[in-house]
Amino acid sequence: MRELDVARITEAVKDLSIRTNIYLPDDVKKALRESLEREESPLGREILQVILDNHDIAEKEKMPICQDTGAAIVFLEVGQEVHLIGGAPEDAVNEGVRQGYREAHLRKSMVADPVLKRKNTGDNTPAIIYTRIVPGDKVKIIFAPKGGGAENMSEVRMMTAADGIEGIKDFVVDRVSRSGGNPCPPIVVGVGIGGCFERSALLAKEALMRTIGEPNPDPDFDEVEKELLRRINNLGIGPQGLGGRTTALAVHIKTVPCHIASMPVAVNIQCHVSRHGETIL
Amino acid sequence: MKTVELRTPLDEKQISSLESGDKVYLSGEINTARDAAHKRLVALIEEGKELPFDLQGAVIYYVGPAPSKPGQVINSAGPTTSYRMDSFTPLLLERGLKGTIGKGPRSMKVRDSMVKNGGVYFAAVGGAAAGIASTVKAAEVIAYDDLGPEAIRRLVVERMPLFVVNDTSGNDLFEAGVAEYRREE
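The listed protein sequences derive, respectively, from chains A and B. Read in order, the letters of the first sequence are residues 67 to 347 in my numbering. Read in order, the letters of the second sequence are residues 318 to 502 in my numbering.
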């Protein structure tokens, strides 16, 4: 067994929370630059340029790209040959969030009671943590700050086999259409199909972590992604919803097996500040 | 479509000259308020109590900024999604509010109220928060410090870039823009 002190997890999460909120991944920046070249709407081009300029300002001033520095979504993949010592791994993750959000002056956006009191926890904890035990002796941490505006436009629908792929396509396009300018387009659309109710939602979020431009490993779903991207961009929603040809930068689909009676489909919407980063310990 | 320099407080004349699609550079004092603050503001009005800021000619910016670093006027401060304030906005417009700044479309009730009461809705570019912060020259919390990022702040802005979405004639830039660039499959 390889021993790993959870203090290393705290340190990594802290670093990731700061880095992901200031520096956007290269694939997202590239997709935005390319969309500027294609965009037909003058207002849409102006908005895309403002978005691109904002990346430079954020990096130069070490300011968060967006004031909504998100709920802290953390995927922990723990190798089965790792023995974690020094405390509970979830506490370590939360400590990393606490330190990172405090030191880098990131916004604290979590309320303790989601309905009645809605009092801000003051340190952006608790993180939303998904842990998997995997083969190997490493710990992989994926950190994805997720803003509320785009998350609010997401949806799970329990579809049936009879709905088929056409039903899924219509649902995804309709979900984006109804979202309009709310989720800060141009968006990235994560689609999770299969599993069960909550698994499909998690798949949709995992799909958002894929690098833009990387094809779907399944050629059939790769075609579906291309068709969906075309249909979504034909909606005319455009940058910020004010009209244009760039509504989405990418559609990413992830599938797993499911029950014979079911076909759960989840659409998780991500804004143009599509932040995520990873570290392997 | 024109480019307009505007200064708060806004009056009827300024408001009625604005058209959906205009680009606006807004200067002067504005107030921030988002979900939790709106709930409290509307409760105060319903109880007949005084508000923490004067609504006459006022502009509300829907934002919860990131906390400032030492020596910094304000940290990243882009707009939040406006529809969450829709249920509160008509009452504020009836009481003198003239402008709101956010992202995403408004409900028909809010749009009707803007036509009736003479108000405009401006869009700021969501997610362009570091750039917008550079147009903020002063910021102070004036109410509800306990709400953290949701506290009401008075901001002094200089040439904050905005687009007129809804004007007093009932036009909507979201509808017009989408109609122009939509392609039927």
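Quick reminder that beta carbons are idealized off the backbone N, C-alpha and C, glycines included.
DSSP places A:HIS149 in the uninterrupted beta strand (DSSP E) bounded by 148-151. Assignment of A:SER175 by DSSP, reduced to helix, strand and coil, places it in the coil class. Residue burial is scored here from C-beta neighbours: B:GLY388 has fewer than 16 other C-beta atoms within 10 angstroms and is therefore classed as exposed. Under the Cβ distance rule, A:PRO130 counts among the residues neighbouring chain B, one pair being separated by less than 7 Å.
Secondary structure of B:GLY487 (DSSP, three-state): coil. Cβ neighbours of A:THR135 within its own chain (closer than 6 Å, five residues either side excluded): ASN87, LEU172, ARG173, PRO211. Considered as a whole, the segment 259-338 of chain A harbours 314-324, 329-336 as its complete beta strand (DSSP E) runs of no fewer than 3 residues, in chain order.
Along the length of the segment 422-492 of chain B, whole alpha helix (DSSP H) runs at least 4 residues long occupy 425-434, 446-450, reported in chain order. By the rule that beta-carbons nearer than 7 Å mark a contact, A:HIS342 does not touch chain B.
For A:ILE346, the enclosing beta strand (DSSP E) stretches over residues 343-346.
A:GLN165 is outside the set of residues whose beta carbon lies under 7 Å from a beta carbon in chain B.
Taken through DSSP and simplified to helix, strand or coil, B:TYR498 comes out as helix. Between B:PRO382 and B:SER399, the beta carbon gap of about 16 Å keeps them out of contact (Cβ cut-off 8 Å). DSSP places B:ARG412 outside any alpha helix (DSSP H), giving it a letter other than H or E. With respect to chain A, the C-beta atom of B:PHE491 has a partner C-beta closer than 7 Å. For B:GLY395, the secondary structure class from DSSP, reduced to helix, strand or coil, is coil.
Within the model, the alpha-carbon separation for B:LYS433 versus B:ALA440 is close to 20 Å. Closest option to A:PRO285, judged by alpha-carbon separation, among A:LEU274, A:GLN306, A:GLY247, A:LYS320: A:LYS320. Boundaries of the beta strand (DSSP E) around A:ALA137: 137-145. In the DSSP assignment, B:PHE370 falls outside any alpha helix (DSSP H), carrying neither H nor E.
In the DSSP annotation of this structure, the continuous segment of the beta strand (DSSP E) that includes B:SER344 starts and ends at 340-349. Spanning the alpha carbons of B:GLY419 and A:ILE195 requires a straight line of approximately 31 Å. Residue-level contact check: B:SER486 does not touch chain A, since none of the beta carbons of chain A fall below 7 Å from its beta carbon. Beyond the five residues adjoining it in sequence on each side, A:GLU106 comes within less than 6 Å, by CB distance, of ARG311 in the same chain, given in chain order. Residue burial annotation: A:CYS262 is exposed, with fewer than 16 other C-beta atoms found within 10 angstroms of its C-beta. With a cut-off of 8 Å on Cβ pairs, the segment 474-482 of chain B is not in contact with the segment 137-157 of chain A, counting fewer than three such pairs.
Apart from the 5 residues on each side of it in sequence, B:ASP328 sits with its Cβ closer than 7 Å to the Cβ of GLY374 in its chain, given in chain order. What A:SER175 touches in chain B, judged by beta-carbon distance under 8 Å, is GLY381, PRO466, going in chain order. From the beta-carbon of B:ARG499, the residues of chain A found nearer than 9 Å are ASN300, LEU301, GLY302, ILE303, GLY309. Interface residue (Cβ-Cβ distance to chain A less than 7 Å): B:GLY494 is classified as such. Under the 8 Å Cβ criterion, the segment 317-336 of chain A counts as touching the segment 264-272 of chain A, having at least three qualifying pairs. Neighbours of A:GLN306 in chain B, taken as residues whose beta carbon is under 7 Å from its own, are LYS420, ALA440, VAL442, GLY443 in chain order. By the CB criterion at 7 Å, B:ARG499 and A:GLY110 fall outside the cutoff. Within the same chain, Cβ atoms closer than 8 Å to the Cβ of A:ARG68 are found at GLY145, GLU147, VAL148, HIS149, ASP203, the five residues on either side in sequence being excluded. Under the three-pair Cβ rule at 8 Å, the segment 95-106 of chain A does not count as touching the segment 225-242 of chain A.
DSSP places A:LYS185 outside both helix and strand once states are collapsed to three, so it counts as coil.
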